[in-house]
Each structure stands twice: as C-alpha cells, then as structure tokens.
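Accompanying notes for the structure given below.
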Amino acid sequence: MQTDTEAQQGSSVSARLRIVGWIVLTTAVALLAVTATMRSIMTAQIAEAANVGIAQEIDEFRTFAAEALDPTTAQPFTSMHSLMERYLARQQPMAGEAIVAKAEGKVATTGNTADHEGRLLAQDPVLLGRILASEKTSGVSNSDHGTVRWAKAVAQEAGGQNGPKQQGQLVVAHYIAGAQERVDQQAVLLFGIAGGGLALTAGIAWLVSRQIMRPIHSMSETAASITANDLSARVPVVGRDDLAQLAQTVNSMLDRVETAHLAQRHFIAEAREHLHNPQRELAAALSELNSDAVGAQRRQEVIATAQNLIDQMGQTLIDLEVLAQSSNPDFVQPSLVSVGEVTADVAAAAARPGAYPHRQFRIQESARAQAWLDPIRVSEAMHQLIHNAVAHTAAGECIRIGSTIDGDQVSFWVANEGPALDPERAKALFETYRSAPSNEDRAAGMGLGLAVVKAVAQAHGGTAWVESGEGIGARFGFSLPMDNHDAPGAQDGQLPHQLASMLGSES
Numbered sequence: 284m285q286t287d288t289e290a291q292q293g294s295s296v297s298a299r300l301r302i303v304g305w306i307v308l309t310t311a312v313a314l315l316a317v318t319a320t321m322r323s324i325m326t327a328q329i330a331e332a333a334n335v336g337i338a339q340e341i342d343e344f345r346t347f348a349a350e351a352l353d354p355t356t357a358q359p360f361t362s363m364h365s366l367m368e369r370y371l372a373r374q375q376p377m378a379g380e381a382i383v384a385k386a387e388g389k390v391a392t393t394g395n396t397a398d399h400e401g402r403l404l405a406q407d408p409v410l411l412g413r414i415l416a417s418e419k420t421s422g423v424s425n426s427d428h429g430t431v432r433w434a435k436a437v438a439q440e441a442g443g444q445n446g447p448k449q450q451g452q453l454v455v456a457h458y459i460a461g462a463q464e465r466v467d468q469q470a471v472l473l474f475g476i477a478g479g480g481l482a483l484t485a486g487i488a489w490l491v492s493r494q495i496m497r498p499i500h501s502m503s504e505t506a507a508s509i510t511a512n513d514l515s516a517r518v519p520v521v522g523r524d525d526l527a528q529l530a531q532t533v534n535s536m537l538d539r540v541e542t543a544h545l546a547q548r549h550f551i552a553e554a555r556e557h558l559h560n561p562q563r564e565l566a567a568a569l570s571e572l573n574s575d576a577v578g579a580q581r582r583q584e585v586i587a588t589a590q591n592l593i594d595q596m597g598q599t600l601i602d603l604e605v606l607a608q609s610s611n612p613d614f615v616q617p618s619l620v621s622v623g624e625v626t627a628d629v630a631a632a633a634a635r636p637g638a639y640p641h642r643q644f645r646i647q648e649s650a651r652a653q654a655w656l657d658p659i660r661v662s663e664a665m666h667q668l669i670h671n672a673v674a675h676t677a678a679g680e681c682i683r684i685g686s687t688i689d690g691d692q693v694s695f696w697v698a699n700e701g702p703a704l705d706p707e708r709a710k711a712l713f714e715t716y717r718s719a720p721s722n723e724d725r726a727a728g729m730g731l732g733l734a735v736v737k738a739v740a741q742a743h744g745g746t747a748w749v750e751s752g753e754g755i756g757a758r759f760g761f762s763l764p765m766d767n768h769d770a771p772g773a774q775d776g777q778l779p780h781q782l783a784s785m786l787g788s789e790s
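The sequence shown: position 222 = 505 (our numbering), numbered continuously.
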C-alpha cells in the first residue's frame, strides 16, 4: 500500500504533460543538434572555399612570375612593379577576396573588385605589414572587419649584370565575415523553421497523448464509480492494442474483486444463517428453563438440548474457521505418509469409547500405498464425513471406512446403510449453490461439514464426491493426487469461486 509520504514524493505533473514534455524536449534537442551541425558544416565550407581560392590565386601568380613575359608584347617585364600591375589587371577577385601587391615600395590592388575588401587591406598598413613581415606563407588574422584568411608569394627577377635583384610580394586574402553573416542568417532561418516544427510537434503530441490517455481516464472514472454496493462497472475495451489488453486485465481484476465480494457477503450470510437457528432454539430453551412449570425430567431434557445447541454452534464456528483458513497458501502441508496408517488412525479415533455411542465402525478397505498429503487435514475431512454418517444411521448400525487407489489418485470414503439420497439432491450437496440448510438437513447433520471436506480436497488439488443408491446407502468421499509435493492451496484467482462453491454446497 502506498503511504502518504510516498504519494507526496511522486510527481504532481499529469502524465499527459509529461508525455508531451518529453516529446518536445527530445525533438528540440534533435532540431538544435541538426541546426548547429548544419551551421558548423557551412562555416567549414566557407573556410575550405576560401583556402581553395587563395591557393589557386597563389599558383597562378607563381606561374605568371616564373614566365615573366608581358602578354601584350611577349617581352620580359622591365620592372617588378610593371609585372605586378599587369598581373593585378588580369584578375577578377571573388566576393570577399583581396589581392594586394607590393613592389619597389609601392602598394597596388585590383581595380575591378566585386566589393571593397581589396581596398580595405591596402588601406590597413598595420594588417598588411604584419602579413608581409610574417615568416609564414599563409595564416589567419583578425582585423577590424573580421577574420582574414591569407597567403602570400614572393617573386624575384634579375636586374642588370651588376644590378640588384628586384623583388615583389603578392598577398591574397579572404574576408570571411560577409559569408559568415550569410551563414548565420541561414542558421536563424533554420532555427525559425525548427521552432515552427517544434510547435507543430507539440500540438500533435498533445492531441495524440489525449487519445492515448483516454483509456486511462476511463479506468479512473470506472474505479471512481465503484462502490461497496455496486461493483458492476467495467472499462470499455476498444481495439486489440496494449491499452485494450490493459483494459481487459483491469476488467478481469474487477471480475475477481466482485466475485470475492459476493463470496464474502455470502460467507457472512451463511455464518449468520448457520448460527441463527441454533441461537433461536437456545434462547427458547433458556426461556423454558426460566419457567417454574418445568418439571425435573423436562428440565434435564432442555438442558441436554441446550448443551447440544451450544456444541453445534461451537462446531459451526470451528468449521467456519477452517473454511477461512482454506484460503491460506499453507492450509495444507503435504508429506509422504502411509495411506493405510491414516485410514487406521481415523477409524481408531471414531471407535474410541464415548466418541460416537451406539455406533460400530469397520475398515472395509485400506490402501497399501504412500501418498503426499496432509494427514491432519485429511483426518479432519474424514471426521466430518463420519459425523455426517452418524447422523444418517440408527443406533447399532455399522459405518464403513475405507481408502482405495485408482491410478494416480487416492480416495478416502465413509459409507453407511442409511436411506439412499435422491440423485439430484446428492449432486446438489457438492455442486449446487444453495441457501441455508433446511430443518431436515440440520437434523441429518448437514451443517458446514461437507464444505470443509470440499475445501480440504480442493486444497490438495482433488475433488469431493458422493455415491448413493437403493440398497447401498450413501458413500461420501474425496479423491486426492498421490504425487502432490506442492499442493495448490487456494489460488488467488480461484479462491472466490472455491469459497462460494464450498459454502454453497453446504448451505
């Protein structure tokens, strides 16, 4: 049972909200990961494209400088500055690309740029000087206009015979801030699309979770509608999915609860009925004893009657206690015993002086075998059958006791020469669900005894039975499996039916 503390420690958020929350959270994480990954990929592509463009320009310049021929005249360049100017005039930089040359102390850039990045680099002496002075041939630098990826190449040509060599430097740079800004804009757009998809997912999840939780709500409503007087409510079963199976399981549980409730009510009613008549008769006897007109002989008869009624009520309480205990898993505790010894012990107990006056007992058959059974419970059931047989016989008559083996079953029985039972009535003793015993049955000793017999038999996994016919009287008995190491007792699902059947057979 859940305590109040455990209930307070649980979540107060509804299951529907938790389902939607986890779906939205999982989807949001997935969309965020996809968007961040796409942005990283596009950023890497920008850097890769810039590096490829820069490398291509550097290779073209080195080839041009190695030839050192003016394409218009096919003559060698007269100076490094003229070589640089001619090369720059032939270039068409990409967006964000800057090509700057420095030769003979002069800085030049392309005049046909797609944007103004070339002028930015040429007009930034600090950045340009840092690049030209660097020992590296390529690198990444930061500027006031964002990150710059660059590479440089050096060209030399021989001067006159005794003159110095002329040197020029070409810098190819790529400002990636513009491309990165476009990537960020695309990422924002992806975030917006992801947000819309997330909202759509949340809406669909909210509607779907409502459909999923509907059977749960039906179960809750059904449970709330069940009262102590009405256990007939059941959960509607729709479909064949897991929730439908859950609804069927809940309905099966409610069936068992209702059956157990009815059996409990019937048990109480049976106890009341079996005690009501002896109590009423005992009250009448006590009232008669209080009368001054009662003679001594009559007084003794009334006292004997009252004592008999008290004994009958006590036996009824004992029988009810046994029936209540029959629902326990350890009601029977089987052990390997001799069937013949159990039969002999039962007969000896019945034949002891004072047990059943004016009755004779004889063992008609005694099985020579061993079986797994509870000898105490078997003896209780046999004494119930003996008591029933005594009530059906006259003084001096013989009651037969026996045990037999039939295949893997061992049977214990008690027979008498009394009047035969009507076939329908004999069948009803163990099978029909009847009300309280009639006066005839009570006079014949049919209290709760046969219910106890049936309880013991079923606890061993066996059955109780009765045989009757003209000239043979009646034989009551029960058959049990011989090899029954673990007797089934009363299973949870079978207990209500067994209890109702036990009481019904006797009541």
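C-beta: ideal position from N, C-alpha, C; glycine also.
Within 7 Å, strictly: CB atoms of residue i and residue j
i	j	result
D224	M765	Outside the modelled stretch of the chain, which goes from 284 to 790, sits residue 224, for which no answer is possible.
V693	L619	no
E648	E680	no
G451	M363	yes
V466	M325	yes
D524	V735	no
I341	A434	yes
P617	L656	yes
M665	F695	yes
L473	T318	yes
M502	V520	no
F759	V749	yes
H544	L514	yes
Q653	S621	yes
Outcome for residue i when other beta-carbon atoms lying within 10 angstroms are tallied against a minimum of 16
i	result
S609	buried
L453	buried
W305	exposed
T392	buried
D500	The amino acid at residue 500 is misidentified as Asp; the sequence shows His. Classification of H500: exposed, given that the 10 Å Cβ count is below 16.
P354	exposed
S751	buried
R373	exposed
M536	exposed
A738	buried
E663	buried
N425	exposed
S676	Note on residue identity: the sequence assigns Thr, not Ser, to residue 676. By the 10 Å Cβ count, T676 comes out buried.
Q741	buried
N611	exposed
I414	buried
Whole-angstrom C-beta distance between residue j and residue i, which should lie under 8 Å
i	j	result
G623	R651	6 Å
T430	A460	7 Å
A672	V697	5 Å
L410	V383	Between V383 and L410 the Cβ distance is about 10 Å, and since that is not below 8 Å, they are no contact.
H743	V615	6 Å
A348	A456	Not quite, the Cβ-Cβ distance comes to about 18 Å (not below 8 Å), so this is no contact.
S492	V303	6 Å
A333	R402	Rounded, the Cβ-Cβ distance is 19 Å, inconsistent with contact.
T542	A568	Not really, about 39 Å apart at Cβ, beyond 8 Å.
A311	L483	Incorrect: roughly 13 Å between the Cβ atoms, too far for contact.
A298	M496	6 Å
Candidates the options: closest to residue i by CA position
i	options	result
V625	F644, V661, Q595	V661
A488	T687, R413, L300	L300
T599	L308, R555, L490	R555
M367	D613, T310, V437, H666	V437
L526	H670, P498, L733	P498
A530	I551, A506, D513, R548	A506
A330	Q562, Y458, P376	Y458
Alpha carbon of residue i to alpha carbon of residue j, nearest angstrom
i	j	result
A378	L352	29 Å
D575	N560	25 Å
A386	M321	43 Å
G637	D689	34 Å
A546	L314	59 Å
E571	V540	46 Å
A516	I509	6 Å
V307	A485	6 Å
F360	R345	15 Å
Q528	I659	43 Å
A719	I646	Unreliable positioning characterises A719 in this predicted model, as indicated by a pLDDT of 37, which lies under 50. A coordinate reading is not provided.
G597	G732	13 Å
A632	A566	33 Å
Q595	R581	21 Å
G745	E564	37 Å
I551	R683	35 Å
D628	L592	28 Å
Residue i CB to nearest heavy atom of the ligand FMN below 6 Å
i	result
N591	In terms of ligand content, the structure shown is empty, and the ligand FMN therefore cannot be addressed.
is_contact[residue i, chain D] using C-beta, thresh 7 Å
i	result
G623	Included in the structure is just one protein chain, with no chain D present.
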